[in-house]
Every structure is written in structure tokens, then in C-alpha cells.
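Before any comments, here is the structure.
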Amino acid sequence: MSYYHELYVVCDECHTSLLVDEATYEDADNDAADEGWQVVVGIEDKHYCPRHWHVKCHDCDAAGSGAPDELERQGWRIDRDYPCDSLCPECAKPPRRRTPARPILISTKTRVEWASPQKGPNPQTERTIHGDNQPDPHDHHGQHRQRP
1 MSYYHELYVV CDECHTSLLV DEATYEDADN DAADEGWQVV VGIEDKHYCP
51 RHWHVKCHDC DAAGSGAPDE LERQGWRIDR DYPCDSLCPE CAKPPRRRTP
101 ARPILISTKT RVEWASPQKG PNPQTERTIH GDNQPDPHDH HGQHRQRP
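Counting from 1, one number per residue, gives the positions in the sequence shown under UniProt numbering.
This is the structure in C-alpha cells:
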């Protein structure tokens, strides 16, 4: 009588099984990963089929589960080689660019106020400019004057 040893990887979520021809557990894990399975190695090894990946946000610890393509459509940024480095939709958003402050001409004669587009004009500082585009000589060497 002959015996044949079969090795299966089983999804810990839905119990779907994957037959692997390899004789070692490590080879079975590698074959499962090649087939799109998530293999979580740790104290208790976990295996998830391609429909039931479990991801956790690297930055805020938010968790999600499902097919990787579906999670990515929901905004997750999944690192398929290292799922522990994935980012949830909130943390995956690009940082908002801040627009630098720029001068805003208030009148053609004399005043330039520096303002940030988000905050509007800054009424606290001003610098007087004469019509010849030279600083006011009474402005103490181009220093800012406080408005009353």
C-alpha cells in the first residue's frame, strides 16, 4: 500500500483551501503567496485567500479586510509584499500643499501688505513705498512700522 501526502493552505476567514504540491510548510506558504494569498507569519500563522486579506494602517492602526483590489478602490494604499506597511484611506491622502505668502498691492501709491491667501491681508505690518519705488527715508532703514 502506498501513501500520498497532500498539503493544503486554508483561509482562516472562509476556510477555502489551496492544494500545494510542496512537502514543507515554508514552500506551501510561498506557493500560496504566489497565488495571491496573504500569509501572516507570527506566533500563530494565518492565511487569507485573495478575497479576505486583513490589513492594518501603519500610521493610525485602522483595520480593513477584503480583496486587495477592492480595498485599494476604497482608498487603501496596500503594500502587497509587506501588508503591515499599508495605509488607510485617511492616511493615504496626499498632504495639503501650503501656498506661500505673496505681496498684495493695496494701492498704486504707497503700500504693500504681506498676506497669506488663506488668512487674508495682515493689518499689523506695512511698509511705505514712494512713487519712485524707493523705501520711505523716514522708515528707519526699511524696517516695518506698526499700524496704529
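Every residue gets a Cβ at the ideal spot worked out from N, C-alpha and C, and that includes glycine.
Outcome for residue i when other beta-carbon atoms lying within 10 angstroms are tallied against a minimum of 16
{"i": "residue 78", "result": "buried"}
{"i": "residue 154", "result": "In the structure displayed, the chain extends from 1 to 148; residue 154 sits before or after that span and is not available."}
{"i": "residue 29", "result": "buried"}
Same chain only: Cβ atoms within 8 Å of residue i, ignoring 5 sequence neighbours per side
{"i": "residue 88", "result": "57, 59, 60, 62, 64, 75, 76"}
Rounded Cβ spacing between residue i and residue j (contact assumed at less than 8 Å)
{"i": "residue 53", "j": "residue 9", "result": "In fact, because the Cβ distance is near 14 Å, the residues do not count as touching under 8 Å."}
Among the options, nearest to residue i - alpha-carbon criterion
{"i": "residue 32", "options": "92, 71, 7, 96", "result": "7"}
{"i": "residue 24", "options": "96, 40, 12, 5", "result": "5"}
{"i": "residue 35", "options": "93, 11, 45", "result": "11"}
{"i": "residue 84", "options": "40, 26, 95", "result": "40"}
{"i": "residue 81", "options": "55, 90, 43", "result": "55"}
Cβ neighbours of residue i in the same chain (closer than 6 Å, five flanking residues each side left out)
{"i": "residue 68", "result": "53, 78"}
{"i": "residue 66", "result": "none"}
Taking contact to mean at least 3 C-beta pairs separated by less than 8 Å, is the stretch 11 to 22 in contact with the stretch 37 to 54? yes
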